[in-house]
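Residue numbers (our numbering): 49 to 497.
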């Protein structure tokens, strides 16, 4: 059989059927496989047992760029429905349905006002680029346009399309999850107070129960706190300044061994920008939080040398002069504030803007049986290490763009890492284990960052 003879007619038929809407198809030839649903998305969709409806308020007469977003959203939702028919969707034209602005804003949607030029006349149109995910008697408004500063409209649209899968499936997961997870914050080691991460807590409260973990007896964690900790699905340790005792580390270890997840937000060096702005020079020195042996057991070691990144760092705005008594400000690269580079394919960091790390130190990863290590954020390949204790001077900003430093390649330094697997207890072979009733030697499948 001459296959070439039939190839062109077959392709023409496929294009014809596709244009008539008789079926939908798309071959994913993109390098990043952005049209292929992730395993986590498929798993979430398959777990839905009751009907979910997604109403998309992106129908009607609007600019071509939003038409592309509308079509990409429809394609994504069709893929969702293929995985699980219980997930359905509808596109709604607010004007045709005579929905008022107050009604849409009452659903938690914020309007976008766009310029519209027709027949040489300038006007404005108001649209609500949102999806409203509904499940039982609940609903979640999902913005289809992501808010990002410092990017143009074309890039904003591109990033919004890239974020569709994550934003939509996250909303499906949140609204169908009947059990709200509990997240605890340690508060007895001079950790950050809530004012320092108010926005973090505000966002988390939309999906989690948040609360402090206060020791039962005095100011230290003890075995008496394990029953309370057992109700916490995750524990956040945010910049502790007071060292942990062996007894407290034993409690944390047993929390982890019993399935508790942990987010360690640790500073290994004391260096504060507020002080540097005032004095122009500070002494950066190591901070001993007492956690070195515990974290070493799980597979990480946090160094106490500062990382300076000369290629990818945040800008620092400083006074560079004065005109007629008014200070003049310029922005310079500040190598002590690296912008973390992420693994763009990982669900935790995908479509997340670069993360600024202030006075970070590097993390070493250590091989541990049964533990998978994933680097979430790291530096560029143009870094220098500065041992501590050592001085940090504001005048260093003048040399941040030195060509000699930029030409010196170095291995990227790790700033954030995810550990997954069955962790071995740090106290399995130590006598302290006798202080805990029903001591657990190994955790179930668990995670920590």
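Virtual Cβ for every residue (Gly too), placed ideally from N, Cα, C. Keep in mind the model is a prediction, meaning the values are calculated, not measured.
How would you write the range of the alpha helix (DSSP H) that residue i sits in, first residue to last?
i	result
residue 295	294-305
residue 214	212-224
residue 486	No alpha helix (DSSP H) contains residue 486, which DSSP labels as neither H nor E.
residue 341	340-346
residue 150	149-154
residue 323	321-327
residue 276	274-277
residue 249	246-252
So, for residue i: in the same chain, excluding its five sequence neighbours on each side, which residues have a beta-carbon less than 8 Å away from its beta-carbon?
i	result
residue 314	285, 287, 288, 337, 339, 350
residue 96	132, 134, 135, 220, 224
residue 264	270, 272, 273, 276
residue 429	359, 457, 458, 459, 460
residue 116	205, 209
residue 249	242, 258
residue 108	141, 142, 143, 144, 175
residue 442	324, 325, 328, 329, 366
residue 402	360, 387, 388, 389, 390
For residue i, which residues of its own chain have a beta-carbon under 6 Å away from its beta-carbon, when the five flanking residues on both sides are left out?
i	result
residue 290	237, 238
residue 473	301, 305, 489
residue 234	261, 285
residue 186	223
residue 433	353
residue 209	120
residue 103	138, 140, 180
residue 183	100, 223, 224
residue 267	236
residue 159	174, 176
residue 496	310, 467
So is residue i buried or exposed if we call it buried at 16+ other beta carbons inside 10 Å?
i	result
residue 415	exposed
residue 377	exposed
residue 253	exposed
residue 485	exposed
residue 260	exposed
residue 143	exposed
residue 494	buried
residue 211	buried
residue 98	exposed
residue 87	exposed
residue 357	buried
residue 469	buried
residue 479	exposed
residue 396	exposed
residue 418	exposed
residue 280	buried
residue 64	Unreliable positioning characterises residue 64 in this predicted model, as indicated by a pLDDT of 39, which lies under 50. A coordinate reading is not provided.
residue 106	buried
residue 355	buried
residue 201	exposed
residue 112	exposed
residue 492	exposed
residue 74	For residue 74, the predicted structure reports a pLDDT of 45, less than 50, and the residue's modelled location is therefore unreliable. A value from the coordinates is still provided. Classification of residue 74: exposed, given that the 10 Å Cβ count is below 16.
residue 170	exposed
residue 228	exposed
For residue i, which residues in the same chain have their Cβ closer than 7 Å to its Cβ, ignoring the five residues on either side in sequence?
i	result
residue 361	381, 382, 383, 385, 386, 387
residue 190	178, 179, 181, 215, 216, 219
residue 352	316, 317, 334, 409, 436
residue 423	391, 462, 465
residue 420	468, 469
residue 156	189
Check whether the Cβ of residue i sits closer than 6 Å to any heavy atom of the ligand GTP, and report yes or no.
i	result
residue 270	Among the ligands in the structure shown, none appear at all, so the ligand GTP cannot be discussed.
Where do the ends of the beta strand (DSSP E) carrying residue i lie?
i	result
residue 467	462-469
residue 229	229-234
residue 282	282-286
residue 496	494-496
residue 136	135-139
residue 257	256-261
residue 335	That residue, residue 335, is in no beta strand (DSSP E); it is neither H nor E in DSSP.
residue 187	186-191
TODO: Would you check if the stretch 324-343 and the stretch 457-466 touch, i.e. whether three or more CB-CB distances between them fall below 8 Å?
DONE: Output reads no: the stretch 324-343 does not touch the stretch 457-466.
TODO: Count the CB pairs spanning the stretch 284-302 and the stretch 319-327 that are closer than 8 Å, and state whether there are at least three.
DONE: Flag = no, the stretch 284-302 and the stretch 319-327 do not touch.
- [ ] Go through the stretch 385-441 residue by residue and report every complete run of the beta strand (DSSP E) that reaches 3 residues or more, in order.
- [x] 409-413, 419-426, 431-434, 438-441, all fully within the stretch 385-441.
TODO: Run through the stretch 83-128 for me and flag every whole alpha helix (DSSP H) of 4 or more residues, listed as ranges in chain order.
DONE: Correct list: 87-94.
TODO: Report yes or no: do the stretch 403-413 and the stretch 461-469 share at least 3 C-beta pairs separated by less than 8 Å?
DONE: Flag = yes, the stretch 403-413 and the stretch 461-469 touch.
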